[in-house]
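All remarks here apply to the structure that follows.
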Amino acid sequence: MIISYFAWLKEKTGKSTETLNNHSINDISKLVEYLSKKYPKLKKYLQEKDLIRFAVNSEYVTKNKKLKNEDEIGIFPPVSGG
Amino acid sequence: MIKITKKNFKIDKEIDFVRSKHSNIGAVSTFIGYVRNLNNKKKVKSIELEVYEKMAIKTLDKICNKAKNKWNLIDTLIIHRYGKIYVDEKIVLVATFSKHRKDSFQACKFIMDYLKKDAPFWKKENYKNSSSWLKNSKLKN
Numbered sequence: 006m007i008i009s010y011f012a013w014l015k016e017k018t019g020k021s022t023e024t025l026n027n028h029s030i031n032d033i034s035k036l037v038e039y040l041s042k043k044y045p046k047l048k049k050y051l052q053e054k055d056l057i058r059f060a061v062n063s064e065y066v067t068k069n070k071k072l073k074n075e076d077e078i079g080i081f082p083p084v085s086g087g
Numbered sequence: 027m028i029k030i031t032k033k034n035f036k037i038d039k040e041i042d043f044v045r046s047k048h049s050n051i052g053a054v055s056t057f058i059g060y061v062r063n064l065n066n067k068k069k070v071k072s073i074e075l076e077v078y079e080k081m082a083i084k085t086l087d088k089i090c091n092k093a094k095n096k097w098n099l100i101d102t103l104i105i106h107r108y109g110k111i112y113v114d115e116k117i118v119l120v121a122t123f124s125k126h127r128k129d130s131f132q133a134c135k136f137i138m139d140y141l142k143k144d145a146p147f148w149k150k151e152n153y154k155n156s157s158s159w160l161k162n163s164k165l166k167n
């Protein structure tokens with residue numbers, strides 16, 4: 006799966022995109038667990054309730070959303086457009 | 027019509043282009059967002075707007091369709107810029123086109139409220155010697 010990070014989250018991960026090929030990551034909760042270990046600087050934000058938003062294939066999703074290996078996942082902070 | 031663009035735009039030209047496609051428009055309501063020079067007591071020089079373009083197009087298209095189902099609209103137009111934008115420049119235009127004012131007024135507010143809440147754009151403000159992402163005020167990092 007391809008993960009894209011936006012706004013200040015990129016500064017916590019040090020990258021804007023990455024590809025994961027880990028079949029044990031099959032829902033958003035498992036992805037959060039994986040990313041919290043991989044990026045300690047991101048952990049406290051991922052664990053804060055309703056702060057970080059997730060999109061799968063450009064649709065907002067909740068944490069129990071199942072993931073497929075071909076999914077495109079966007080991870081980002083609250084939006085501030087307009 | 028949805029446009030995500032780096033370029034500035036002329037409001038009249040954009041509105042007239044949509045109007046030229048329909049002869050039954052009696053009302054156009056618009057919201058225009060600009061970069062202001064002061065935010066949270068800091069002097070702003072410019073902003074950097076980041077967008078998740080693929081998702082922005084999909085979600086704004088969806089909300090325009092919701093608005094069209096809810097009100098009697100003839101057309102909708104959203105232009106949202108990204109990249110570096112200076113103070114006094116336009117950031118966003120939302121325009122709704124209908125026969126009568128009530129539909130265009132209400133639909134314009136509906137679309138803009140959704141855009142502020144859910145459309146995937148993020149602002150970074152540039153000050154004289156620093157910059158900062160706009161974020162939830164309770165958040166510290």
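Line order of the protein sequences matches chains A and B.
Taking my numbering, the leading residue of the first sequence gets 6, the next gets one more, and so forth.
Taking my numbering, the leading residue of the second sequence gets 27, the next gets one more, and so forth.
Glycine residues also receive a C-beta, built at the ideal position from the N, C-alpha and C atoms.
Cα-Cα separation between lysine 96(B) and valine 118(B), rounded to whole angstroms: Residue numbering aside, residue 96(B) sits at position 70 when the second sequence is read from its first letter. Residue numbering aside, residue 118(B) sits at position 92 when the second sequence is read from its first letter. Looking at the two C-alpha atoms, the distance is approximately 23 Å.
Rounded Cβ spacing between glutamate 151(B) and isoleucine 73(B) (contact assumed at less than 8 Å): If you number the second sequence from 1, residue 151(B) lands on position 125. If you number the second sequence from 1, residue 73(B) lands on position 47. Rounded, the Cβ-Cβ distance is 5 Å, consistent with contact.
Could you give the distance in angstroms between the alpha-carbon of aspartate 139(B) and the alpha-carbon of alanine 145(B)? Translated into the one-based positions of the second sequence, residue 139(B) becomes position 113. Translated into the one-based positions of the second sequence, residue 145(B) becomes position 119. In a straight line, the C-alpha of aspartate 139(B) is about 10 Å away from that of alanine 145(B).
Our contact map puts isoleucine 104(B) next to isoleucine 137(B) with C-beta atoms below 8 Å; I'd like the distance itself, whole angstroms only. Numbered from 1 along the second sequence, position 78 holds the residue referred to as residue 104(B). Numbered from 1 along the second sequence, position 111 holds the residue referred to as residue 137(B). Going by Cβ atoms, the distance from isoleucine 104(B) to isoleucine 137(B) rounds to 7 Å, so yes, they are a contact pair.
Taking Cβ positions, are isoleucine 69(A) and serine 34(A) nearer each other than 9 Å? For the purposes of this step, residue 69(A) is identified with residue 64 of the first sequence, where counting begins at 1. For the purposes of this step, residue 34(A) is identified with residue 29 of the first sequence, where counting begins at 1. Here residue 69(A) turns out to be asparagine, not isoleucine, going by the sequence shown. In contact: asparagine 69(A) and serine 34(A) (Cβ atoms closer than 9 Å).
Are the CB atoms of lysine 46(A) and threonine 18(A) within a distance shorter than 9 Å? Translated into positions along the first sequence, residue 18(A) becomes position 13. Translated into positions along the first sequence, residue 46(A) becomes position 41. Yes; because the gap between Cβ atoms is below 9 Å, this pair is in contact.
Distance CB(leucine 160(B))-CB(asparagine 65(B)) smaller than 9 Å: Walking along the second sequence from the start, residue 160(B) turns up at place 134. Walking along the second sequence from the start, residue 65(B) turns up at place 39. It is a contact, given that the beta carbons lie within the stated cut-off.
In angstroms with no decimal places, state the Cα-to-Cα distance between glutamate 38(A) and lysine 67(B). By 1-based counting over the first sequence, the position of residue 38(A) is 33. By 1-based counting over the second sequence, the position of residue 67(B) is 41. Approximately 38 Å between the Cα atoms of the pair.
Could you confirm whether any beta carbon from chain A is found closer than 9 Å to the beta carbon of valine 118(B)? On the second sequence, residue 118(B) is found 92 positions in, with the first residue counted as 1. Yes, because at least one Cβ of chain A sits closer than 9 Å to the Cβ of valine 118(B).
Which first and last residues belong to the beta strand (DSSP E) in which lysine 80(B) is found? As a first step, residue 80(B) must be located in the second sequence, where it is residue number 54. Looking at the DSSP string, lysine 80(B) is not in any beta strand (DSSP E); the run it does join, the alpha helix (DSSP H), is 79-96.
Please confirm if the segment 31-44 of chain B is in contact with the segment 81-99 of chain B, defined as three or more CB-CB distances below 8 Å between the two stretches. no
Positions along the segment 26-48 of chain A whose CB lies within less than 8 Å of some CB in chain B: none
Top-ranked residue by Cα proximity to lysine 94(B), from Tyr78(B), Thr122(B), Lys110(B): In the second sequence, the residue the question calls residue 94(B) occupies position 68. Nearest C-alpha to lysine 94(B): Thr122(B).
With DSSP run on the structure shown, which of helix, strand or coil describes serine 130(B)? Stepping through the second sequence from its first residue, residue 130(B) is reached at position 104. Helix at serine 130(B).
Using the Cα positions of histidine 106(B) and leucine 75(B), report the straight-line distance between them to the nearest angstrom. As a first step, residue 106(B) must be located in the second sequence, where it is residue number 80. As a first step, residue 75(B) must be located in the second sequence, where it is residue number 49. Each residue's alpha carbon lies about 10 Å from the other.
Alpha-carbon spacing of glutamine 132(B) relative to lysine 48(A), whole angstroms: Working through the second sequence from its first residue, we reach residue 132(B) at position 106. Working through the first sequence from its first residue, we reach residue 48(A) at position 43. Their Cα atoms are separated by approximately 41 Å.
Looking at the secondary structure, which residues open and close the alpha helix (DSSP H) in which threonine 31(B) lies? Along the second sequence, one-based indexing puts residue 31(B) at 5. Note, threonine 31(B): premise wrong, no alpha helix (DSSP H); beta strand (DSSP E) at 28-31.
Kindly indicate if chain B contains any beta-carbon less than 9 Å away from that of glycine 19(A). Looking up residue 19(A) in the first sequence gives position 14. So no, glycine 19(A) is outside the interface.
What separation, rounded to the nearest whole angstrom, lies between the Cα atoms of phenylalanine 59(A) and tyrosine 153(B)? On the first sequence, position 54 is the one that residue 59(A) refers to. On the second sequence, position 127 is the one that residue 153(B) refers to. So the two alpha carbons sit approximately 30 Å from each other.
For lysine 116(B), does the three-state DSSP call read helix, strand or coil? Here residue 116(B) is taken as the residue at index 90 of the second sequence, counted from 1. Lysine 116(B): strand per DSSP, three-state reduction.
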